[in-house]
Each structure stands twice: as C-alpha cells, then as structure tokens.
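See below:
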C-alpha cells in the first residue's frame with residue numbers, strides 16, 4: 013500500500029457525521045419564537061445553523077428590540093440536548109467511512125461548534141461513541157467557533 017500524503021482527516025460534526033441540523037433548527041425556531049421572533053424551522057436553519065448558541069442572543073435582541081433573558085443560552089442548550097438524545101441520526105454511511113479512514117491508517121478528529129456534552133449525546137445516540145473517543149474538539153476548547161481557524 014502506498015503511504016497517503018494525508019496526515020490527518022478533520023471532520024465537521026453536524027451535517028457531516030450526524031444529521032442534527034434539523035433538530036437544532038426546530039429547537040432554536042421554537043425558542044426564538046418564544047422570545048418574540050417567530051421563525052419557521054427553515055428560517056432558523058438559514059439564520060442560525062453553524063453558529064454557537066452563544067452567538068444567537070445579539071441577533072435575537074437586534075430583531076426583537078428586547079434583551080434575551082439571563083440563562084437563555086443554557087436553557088436552549090438543555091432543550092437541544094434533550095431533543096438530540098431522542099432524534100439525532102448518523103449520516104448514511106458514516107460508520108463505514110470512519111472505519112475506512114482507520115483502515116487507511118489515517119488519524120481523524122472532529123472539530124465542531126458543538127459543546128462536548130452535545131457531541132457526547134450525538135455520538136451516544138448514533139452509536140459513534142467508540143469511533144469518536146478521544147477525537148473531539150469543540151469551539152469551547154479554544155474560545156472561538158468556526159469559521160475561526162482556532163477550531
């Protein structure tokens with residue numbers, strides 16, 4: 013076998029390893045609507061997907077003209093984790109993909125704006141825990157979310 017010129021594969025989590033974007037959009041749409049910004053799941057997807065929950069309050073405040081209540085981010089995070097634990101699915105073929113990358117002798121990681129707790133729940137629900145053990149990197153680790161190069 014010819015050695016690969018690749019030294020490391022870095023995967024995104026949401027929409028690449030797990031199909032969580034619809035779940036996240038549904039939760040954020042519901043919670044933004046409760047604060048006075050009525051959004052559909054599709055609108056929430058367009059505005060918020062890829063952002064950290066902590067990025068959302070200034071957007072909501074700008075739209076509604078009212079402050080987001082203290083603890084809102086933690087509340088939404090709790091609701092999101094509850095929903096993910098019940099609904100998230102692995103992307104089709106992802107287990108085979110990760111095993112193939114392993115068979116090629118390539119190390120891999122996941123870099124995500126998701127918290128470690130969110131990733132833990134996503135990987136537990138989808139059966140990816142063992143394949144992702146010790147390979148998770150969150151924006152929380154570096155203080156800057158994607159697209160910042162820190163993650």
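In the numbering used here, the protein residues as written are 13 to 163. Where is the CB? At the ideal position from N, CA and C, for every residue including glycine. Quick caveat, the model's predicted, so the values are computed rather than measured.
For residue 93 and residue 163, the rounded distance between their alpha carbons: With a pLDDT of 46 at residue 163, under the threshold of 50, the modelled position of that residue is not reliable, and no figure is offered here.
May I ask you to list the residues that DSSP assigns as paired with residue 55? Its beta-bridge partners do not exist; DSSP assigns none.
How many angstroms separate the CA atom of residue 100 from the CA atom of residue 57? For residue 100 and residue 57, the distance between alpha carbons rounds to 16 Å.
Using the rule of at least 16 other Cβ atoms within 10 Å of the residue's Cβ for burial, across every protein chain shown, is residue 130 buried or exposed? Buried is the call here.
I need the DSSP call for residue 61, collapsed to helix, strand or coil. Residue 61 carries a coil assignment under DSSP once its states are collapsed to helix, strand and coil.
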